[in-house]
Each structure stands twice: as C-alpha cells, then as structure tokens.
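Visitor: Let me give you the structure first, and then I'll get to my questions.
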C-alpha cells in the first residue's frame, strides 16, 4: 500500500506519484476542504490567477518532501570517521510519515486564516528581550496554536467526526508493521534503536496498540513539535475540543501511553523530520515559492541547485565543537554525548574535500529569500490586498463577538458539507447571519458589517488615504525608552510602532480618531475646527465617564506585525565548525579561520540589505471608503458640488494631518510610559488593557493641540510631513447630476454607473403615508431638495435604510418643530453622528448592571458598540424583558427600573420616564394587562427620586395588586 | 383567598408549576372558563384537516379579531377592544417586525403566516385572550378573569401552543417518535413555530394521555458565551430517574444533569447532529444504566441552539462494573489518545 502508484498531475511539478495512503487522505472531506481554501487569501483581487488552493500546495509539498529526502540520501556522506554527517538513512516508514506530514501540514487552515488570525507583535525593551502582544484587529486564534485551536487534534484523532482520523487509524497497522520491520541493529537505522523496544513495551504492558494508534500519534507529534524549543517538553498541554469546558481545561498530550511519553519522545524526536516539512529550507517553502511565483505571473524561476548540498548533519558532533571540547568545558561535552544525537538538515557551505567555503551558496540562499520578499512586496502587502484584509477585519469587529462565526462553525468538522467550508461560504455566512429570526434585532453595526462584506464580494475595496512605509516611519517615530542598538534600530522602532497601533489599549483612541475623520469626510461636521471642538466637548463632559465607543466602518487604521522573512523559517547552514541558522551567523564575531571573516562579512552585508528591504515592506495604512473620496451624499445634497472637489481635497488633506497628529500623540504617550515604566511586564499589560476614559480624554486633548500647533499653510502643502506616499488628488473624484464621465477616477463601479433616483423617488411619493420612503421624500423636499436626479437609486435606498428608529424620530421631530419648513442645514439629521449627538444631549453613560428581582432576569445589555442610546433603545430593552403580564412586571420591578433610568445621563432620565408614562397611558386602555397609570408612574417617579436623593434602600414591599382591572 | 391565590400565581414561574397550580383550589369560576376555552380550541383543532397549516386566522375572525396594528409598546403584544371586536397590537421595535409606527394589517392567512415565529405566537396568544374575554362576557363572569391574571397569561400561552400545533396533527404525524430531535426539528420547521413553543406544547394537559408509549426527554439547549442553558425540557416516563428533577428545575440545570457519558456531553455542543445509541446514568446511586437512543439537531447556529432528544429503549440495568464509571480511571492510567477526562493523574505542568 505504500508504493507510489497513483498519479496526480500538477501544474508546477508535472506528474506526482503518491501512495495509496496519500490518495485515501486526499479523498477525505477534511482534505477536500483544502481545495476550496485559497493559498493567498485576497491576493487574487490583484493577481487574477493567484487563486491556487491549499490542497494543490499540500500535494506539491508532499512531492517536494520526497525529493528532499532523496537529496539527503544522495548527498549525505556515510563516512564513519566524519561524524559531522549523520551516519543514518531515513527508513521507509519514516519516509511515509514525513510525506504524510508534508501533505497535511496545512490541514488546520480555515478560510482567510492568515487574514483573520490574531497575529503576535513583539515589543522590545532591550536588544534581546521583548514582550508579546496579540494584535487587536485579529479575530481568531492562530491556525497552529494548539493550546487554543483544537482543529488538528480533532482531525487526526476524532474518528467520529473526521474521516481522515479513520483513514489514519486503518493505516496504522501496515505502518507499524513496516516500522517494526526496520532492523535497528544496523548502524544506518541506529536513530531508531531505542524506539522499537519502547513501542513493544507500550503494546505489551500498557495496552497501547500501535496497530491502531501509532500513525495518528506520530503524525500529530510531527506536526506539533516544530522547533527544538517546543520539543523540550515531551508532554504538551493542548485543547481537544471546541466545547468551552475543553478550552478551559487543557489536556496533556504526549507520544504513546502516559507512562512512556517522556521516554518515547526522547527516543523518537529528530529535528530533521520537522526540518523537511516546514522548518528551514523545507518542502513547504520550496513548493510555495515556486507555485506562488508562477501563479502571480512573475517572470522568475527559482534555482534549486543548492539542494545538491542538502545534507543530514549532526550538530552535536565533536568535529563541530573541537575548540570548546578541548577547552574549558569537557564535562558538558561528555554529557552531550550520552544523549541521543539529534540530526538536522542543513546546506553544507563548507567544502570538506577542498577545505574551503562555498560562498556562492550563501548568495544562493539569499536569492531564494529575496524571492520570498518579492512575493510579499508584490502580492501579500499590495495595498489592495491589505485594504481587503482591513475591511474584512473591520466587518468582523463590527459584528461583535456574538454575531461573528465561531471558530468551530468556520470548519464545521463532521458536517455533511464540511468540505464546502470555503472562503465564499464564509463571506456568505457573514451576510446571512443577520436573519436569525429569534435573535435580537439587527444592530446598526451589523448592517455596516453587511455593507462592507457586500463590497468585498464585488471587489469594491477601500482606497488608501495614508500609507506610511516603514523606512519613513522608522525615521520619524523614534520611541524613547528603548535601548536602541544602532544596527537594529529600524526593527525595534517598527515592531514597537506596529504593536502599539494594533494594541487594544491605543485602538480605543485610534477608533475615536477614525470616527472623527469619518464624520468630517462625510460632511456631518463642516470644518476641521468644528471636528476638534466637538471632540473636545464630547470628552470634557464630566458626566460622560465613558465617552462614545464608536467603531467607524468607513475609516480604518491598519497595520500588521513587522516581519523579517529570513528569520522565519531560518535556513540552517553547516560551516566548518558549526551548524546554525543563517541569521545567527550574521551576529557571530569572526573566528580566526582563514576565509571565515570574508564569509561572515558577506552574510552581514546580505542581512543588512534584507533589513532595509523589509523596513520598506512594513506599512501603516489608513483606508477610507470610496464614498468618502467623492464628495458624499450629504455634501451633494447641500449643493456643495459647485466647488466640491477643491473643498473636498482640503478636507482629505486635513484628514491626513489628523492621522499624523494622532500617531504623534501615540509616540509621545508611549515614550512617556516607557520612560516611567522600565518593567517589561508592565508594558505588555498596559498594551492589552483598556484605556481609561480620563486617559482617552487626555490623549484627545493632546491630539487637538498637536494638530492646531501646525500652521494651516504647512498643513495644506504637506499634510503628512512627507510620511505618506499617497497623493489624495489621485483618488478624489466628483459626482455630478449628469452621471459620471467614463474617464472619472472612481473605481467603485456601482457608484460610477448609477441609475438616477427619479424613478424610486416618484414611486415613494405614491406610497402610503407613514412609509419610510414617503417620509424621506417629504423630509428631503422640506429641506429644499426638489430634483430627484441629484441622487442615485443606490444612494436613495441607503437613505431609506437609514430612515428608521432614532433617525426617523429625529427627522420627524424637526419637521413638526419647524412646521415642515426646513433648510439645507437640517439635512445632517439623516445621519447618526457621535460628534453632533453630543450637542443635543449629554453623552450616555454605560448603564449600571442592575439585577432585577426576577429569577430569570436577563442583564441589561450594554448599549454598544456605538453607545448612541436613546429612549427608543431603552424601551426596546425594557419590552424584551416584559414577559407575561406587563402591569405586574412594572409593579414588581419599579425600583430596579428606576435604578436603570438613574444610570442614564441626567438629560435623558426624565425623557425616559415621560416616554414610559405615554406608553402606560396608551396601554392601560388595553385588555388584561393590569396597567395602572395612576399607580405605576407615581411609584416609578417616587423610586427615582429616592435614588437621586441617595436613599438607596428599597421602599417597603409593594402591596399586592388590588385586583381592579382597568381593561374589563 | 384571592390574595393568597394571587401570590401563588406569582410564584408559578414554570409551566410545570402552572399545571400543578391548575389542580389546586382556586376561584371556582376561572377553571370553568379555562376548560371552556380549551374545549373551543381543541374542537376547532380537531375539525381542521391535518394536511394544511392550522388556519389560526379563521379562529381569530370568528372571535372578532380582525386586524393587527404595529406600534411602539411597552409590552411585546397586547389586545384592545374595538367597537365590533378586538384589535391586536404588536410591538414594532426590535422584535423582528420593522414596520413603521401605526401600520395596520388585516388578519388573514398571508399576514399571519408572514409574521416571524415569535410574533405569530404572540398573535395566537392574544387571540386566546379574545376567546377568554368573549366567553367570560357571554357567561357574565368578566371579573373571574381580572382576578386571575397570572393564571390567565399561562393559560393563554398554552392555548396559543394548542392553536399553532393542534393535537390531531401532533398525534398523527409524530407517532412514537416524540423523542427524536430530527422529527422535532422538521416539525418545528413545517409548522413554523419555535422549538421552545414545541416543547412547551408537549407539556400541555390535553396531551397527557397521548404518546403514552414513549419514554424519554426532549430539551432545547442554548449557548450563551461559555454558559449552556436549558431553555425548555419535556420528559415522559422515567420513574426513579433524575430527569424528573431536571424537568422541574431546568433553569438552573447544567449539561451534566442529562447524565450522559462524558464524551457525549462534550460532543453535544460541537457536532451539528448526532444519532446514536448511548447509555444514560439512570440512577447514579443505584448504578443503574439505561440504554437509550440520543439524537441532536442544531436549530440555530448563532447563538447556538440545540434540540436534544433521548429515547428510552429498554429498562434500567444495574451494572456495578459499568464502563461509564470505569472509563475515567482507565483513561488516566492508560494515557494514549483518550484525552478527555484523563488529565488528573498524568502529573505534568
């Protein structure tokens, strides 16, 4: 069954022959799912052919793994006297396992997994040490984080849910036979000599049947112990199911029965197996380099001739440590020898026959890594791809934890349609999730998320407002408090900047800034001065302990962790005296060997070159919706179009300056924090914490003063201080009533080729009175908008969608107040505005959680994430908890109700009570509900008064209802 | 006496309590009215053919309920008298009906069936109120209702369930598959009611004698963050089992109270559907195990809601060395791949 007899045709490697185990694995739904998961996520937005699947890549990696093992067998010198080389051969059973590992190395990837997972930032506090901070805009655990993601465990072991697990279990029998057949007394299999007796003992004394368990266990071991650091623990704590209790209680996992796990791991673990699959210059790397380059249409070809020097080495061999051993620490060396040798794969740079170094190989390696950089530069970090990622992440953020799909539902393991869990399905599930009929009403933010996803579906991506490349950022954002070393300064600064911008702590501030920019560009606030004034007022309010937490959907500040692509995975090279990853070689002082210094100099120069490139690769982006690049609905309606474009360019430039000022605020604040707090743990804690409202207010204050400190003139000329590489004039475009000329810059195809709203406008007028369409038209006409053609159908429908709930009430109130005679200045009422809302009423305070005396009382939901509460929402919450007889509920919950009302801003409290009074008046006329106007409302007011006076003790138990029925 | 009965009514927080409460002595007129209302609804239900969805609107029109008005309300739904009958008021804020304030619609087959599930239930509930009002007025006993409001609410809920799921339909179509989650889910889908209403309906008094051959449990679980709650539970038979207690206190119950083997408990929430034979720990103290068939169906994914059906397939057996009790110990000493529950002895970390 392990003969290569099944042919697969691949567009990169030609014919690939696989064995029956591999064929069966590919046939499982768990693997078939990978054919619907793309390798590069949104990259096909830019490179239309780069839509290859992880399935194809996995099969390619399996093929390359086989190739690599052939190279190792061919080039490793089996000379007993030269202990630098591993004196072993990879047995047939190991080959089967390693190929299987390569085939399944991506099995845990979910749709868009690289784009939606929580990335890790490093915040350095000196040259070597750092704290890890998880990115705030990531939404799911990393695909290979086994302490929180149970997918790999379930796929490999859960025979109920996973067919793949059944396949592995079935093949365990022939596989273990093959492994047991290895003659470990031969020196070429000496690395297995301790393993087989242990497995026999596991079978005979511990009721552990290798015929059923061995293959899945070894495979799981192979895929989870990636680095040597991880391999130090024979037993790891992993999560074994999606079920929340499983997540709280991690389970220990080790190879074989519990009693033998330590020994088995010691005897079995060999880094070279992991090296071949995914560490270093590996099957994974080689396949995706070749495949991605081809599918991206790059005219490059990778040269694999360096694989002729791909060998198995023994880094612990005395030859590599002659000096050390002869010197001071003989004992250490002796200890190392008693341990079983750990073999690794390496590129042999030292030419032992000739006694020289193959310098060309160093260049060869860097050329390979350069290609990797090129893929990132051209594809992964392309602004359109990053914009799509940012939009996607923001949509998930807007959906909130309750609405966004669970990690489990992204995969649906065990489901009949598990293999259908593709990217498209993921996107669709985000759209249809809003239809849960028993769930709460669709919130505003969910509607916004829906809007973003439907844009993504049509590749209508946001446009960049600001892009700051790392090389420019590194010069400007010099965080104090880091003990910067001169060589790696750039890396430290960019890593810090990335981590800080992407941290939960500062995102509160940045989200606030984005909200201000969004409302400014939409025209809800007229000038930059007004924006700052509104922001100041919003935060200065003492009552508002928690200022509005808004998540804007049209402005996104976005970045990703700084990466050094030559470090991960690191290519291991074998020199005369050492075996080490190439990036560590660059830090080593030159020895006294001839030629050594030249080699190290070359490595250092190459690393410096790479560093410079990577610095420019990292970028900080601000993306805005295409709608904000044209003058926008509101400005259009206010007839600002006459000089619209010029005015809007000014707005966009001011917005850029606002972004830069915000970044400066963060630099100042973080530097100050680092100066005060040298402790690394404090820094980590701070970044993952929530920013206190007072801090936020302080930062906004600083932001305002920094922005104002710049001369208007210099802001106009150079809004981003030369940091951004975007010219907003390139994107800005105008709208006019005759439609969009084809040469217009607008790329949002729905906006560019619209249908005039004249038709829907006329139809709306025919609707019954009170329908939102008709009310909207009436409102617009009252404001003096008489030409329907000024709007497109899509825009009209957007406005209709907005014309509900609080917005409709606001507009209706204005109509009543001004007796139907409004003007252009009232148009802004059609939009919810955080900044303007404050002008009317005090901002909301987060409601205090009050327990009602009911057994099944539901906690009052926080009115987030926009916190734009009004009585409407208050009543909604209230009515949702009124189960059964409303009058009795009111009677029982009077005090609790009063407490909730008291937790609202003062201006709103009496409005709330009045609203309740109106409703009680109305409903007391209904049948059988026990509503008593003259009883409930006075009691409620009384309770409210008591709380306000600080007399918090509840009044005496209410008397039982008198039994009078107002309805009958 | 009245105050006493009112207080009892307040305490009646579960449907079970109401059923018990019905048997208690109460103001004598109300039970008569309630029986009368039940008879009206069951006669109506028996008369309709079981190949159509129950025409609730017919019953409504019969009692003068002719229109629905959507508006801002404190309650979810309410009913008021008009000159010639009744008007149903539905809350238009966030209950799945985003209709402009004051929208009126006639009650007919289209409007009733196009409402979301929970609103349709509310309409049926209000129709039950109309029946009560009309009958009380006819009998000249209007005050009997106003003095028993809590009980009236519960009775209307039950009647609403009986309208949306008539007895004849249930008996004809479910047969002996009452505790099969798959059947329950398809039923819920076909009759467009929520799973919760379906389970509560199973507990109504008129079904007491039906399905007498079946023994088992049907429950609706929902997940709220890390918490798993029972939203409704119905059990039949199972004397001496722990389910009785579960059905009574389901609001404070946890998953463990289903008394399933550990691995099943863990899988319930992660697998979209399960159908397999299993053992239930019938009476832990007596070490009784009973063979059952478990079926589960996810009815909603976000938030996660699951229907669980457990059908008893035999009588309890005493198994002193049952696998269920031994399994935890075995796994701990054995290690291997059986991870669940086996962590305590391994001595790492």
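Chains as they are written, first to last, in this note's numbering: chain G, 78 to 1045; chain F, 46 to 394.
Glycine included, C-beta positions come from ideal geometry on N, C-alpha and C.
#1: So which residues on chain F does residue 226 of chain G lean against when the C-beta distance must stay under 8 Å?
#2: Check residue 207 of chain G in the structure and name its three-state DSSP category.
#3: Helix, strand or coil for residue 499 of chain G per DSSP?
#4: Rounded to a whole number of angstroms, what is the C-alpha to C-alpha distance between residue 508 of chain G and residue 496 of chain G?
#5: May I ask which residues mark the beginning and end of the beta strand (DSSP E) holding residue 274 of chain F?
#6: Since residue 612 of chain G and residue 777 of chain G are thought to touch, with beta carbons under 8 Å apart, how far apart are those beta carbons, to the nearest angstrom?
#7: Beta-carbon within less than 6 Å of residue 491 of chain G's beta-carbon, same chain only, minus the 5 sequence neighbours each way: which residues are those?
#8: Please report the distance separating the alpha-carbon of residue 443 of chain G from that of residue 666 of chain G.
#9: If you pair each beta-carbon of the region 142-158 of chain G with each one of the region 474-487 of chain G, do three or more pairs fall below 8 Å?
#10: Against chain F, does residue 963 of chain G count as a neighbour if the rule is that its beta carbon must be under 7 Å from one of theirs?
#11: Quick check: what's the CA-CA separation for residue 32 of chain F versus residue 630 of chain G?
#12: Here's a check: name, in chain order, each residue in its chain whose Cβ is nearer than 8 Å to the Cβ of residue 760 of chain G, leaving out the five neighbours to either side.
#13: Is residue 330 of chain G helix, strand or coil when you go by DSSP?
#14: List, in order along the chain, the chain F residues whose C-beta lies closer than 8 Å to that of residue 174 of chain G?
#15: Judging by CA-CA distance, which residue of G:355, G:196, G:830 is the nearest neighbour of residue 871 of chain G?
#16: Below 8 Å, can you find three or more Cβ-Cβ pairs linking the region 183-193 of chain G to the region 128-137 of chain G?
#17: Taking only the alpha-carbon atoms, compute the straight-line gap between residue 338 of chain G and residue 318 of chain G and give it to the nearest angstrom.
#18: Reducing DSSP to helix, strand and coil, say where residue 691 of chain G ends up.
#19: So that I know if they touch, is there some Cβ in chain F lying closer than 7 Å to that of residue 685 of chain G?
#20: Hey, would you say residue 529 of chain G sits closer than 7 Å to residue 504 of chain G, going by beta carbons?
#21: What does DSSP give as the partner residues of residue 199 of chain G in its beta bridges?
#22: May I have the straight-line CA-CA distance separating residue 659 of chain G from residue 85 of chain G, to the nearest angstrom?
#23: List, in order along the chain, the chain G residues whose C-beta lies closer than 7 Å to that of residue 124 of chain F?
#24: Check the C-beta distance from residue 262 of chain F over to residue 280 of chain F and give it rounded, since I have them as a contact under 8 Å.
#25: Output the boundary residues of the alpha helix (DSSP H) element that contains residue 480 of chain G.
#26: With distances taken from CA atoms, which of G:372, G:980, G:211, G:880 is nearest residue 198 of chain G?
#27: Going along the chain, which unbroken runs of the alpha helix (DSSP H) with 4 or more residues stay wholly within the region 117-157 of chain G?
#28: Could you tell me whether the Cβ of residue 315 of chain F comes closer than 7 Å to any Cβ of chain G?
#29: Threshold first: 3 residues or longer. Then list the beta strand (DSSP E) segments lying entirely within the region 325-364 of chain F, N to C.
#30: Under the rule that 16 or more other beta-carbon atoms within 10 Å means buried, what is residue 924 of chain G, buried or exposed?
#31: Less than 7 Å between CB atoms is the rule here; does residue 174 of chain F satisfy it with respect to chain B?
#32: Starting from residue 847 of chain G, find everything on chain F with Cβ-Cβ shorter than 9 Å and list it in chain order.
#33: Check whether the Cβ of residue 194 of chain F lies closer than 7 Å to any Cβ atom in chain G.
#34: Quick one, are the C-beta atoms of residue 701 of chain G and residue 539 of chain G less than 7 Å apart?
#35: Check each residue of the region 125-136 of chain G: if its Cβ is closer than 8 Å to any Cβ of chain F, include it; give the result in chain order.
#36: Distance check for residue 598 of chain G and residue 1017 of chain G, CA to CA, integer angstroms please.
Guide: Working from what's here:
#1: Neighbours of residue 226 of chain G on chain F: none; closest Cβ ~13 Å, over 8 Å.
#2: strand
#3: coil
#4: 20 Å
#5: 272-281
#6: 6 Å
#7: 238
#8: 20 Å
#9: no
#10: yes
#11: Because chain F spans 46 through 394 in this model, residue 32 of chain F falls outside it and cannot be assessed.
#12: 200, 202, 208, 750, 751, 754
#13: strand
#14: What residue 174 of chain G touches in chain F: nothing, since even the nearest Cβ is about 17 Å away.
#15: G:830
#16: yes
#17: 22 Å
#18: helix
#19: no
#20: no
#21: G:209
#22: 35 Å
#23: 1003, 1004
#24: 5 Å
#25: 460-480
#26: G:211
#27: 131-152
#28: yes
#29: 333-346, 349-357
#30: The pLDDT assigned to residue 924 of chain G is 37, lower than 50, so where the model puts this residue is not dependable; a value taken from the coordinates is nonetheless given after this. The residue is buried, with at least 16 neighbouring Cβ atoms inside 10 Å.
#31: In the displayed structure, chain B is absent; the protein chains listed are G and F.
#32: 145, 146, 147, 148
#33: yes
#34: yes
#35: none
#36: 44 Å
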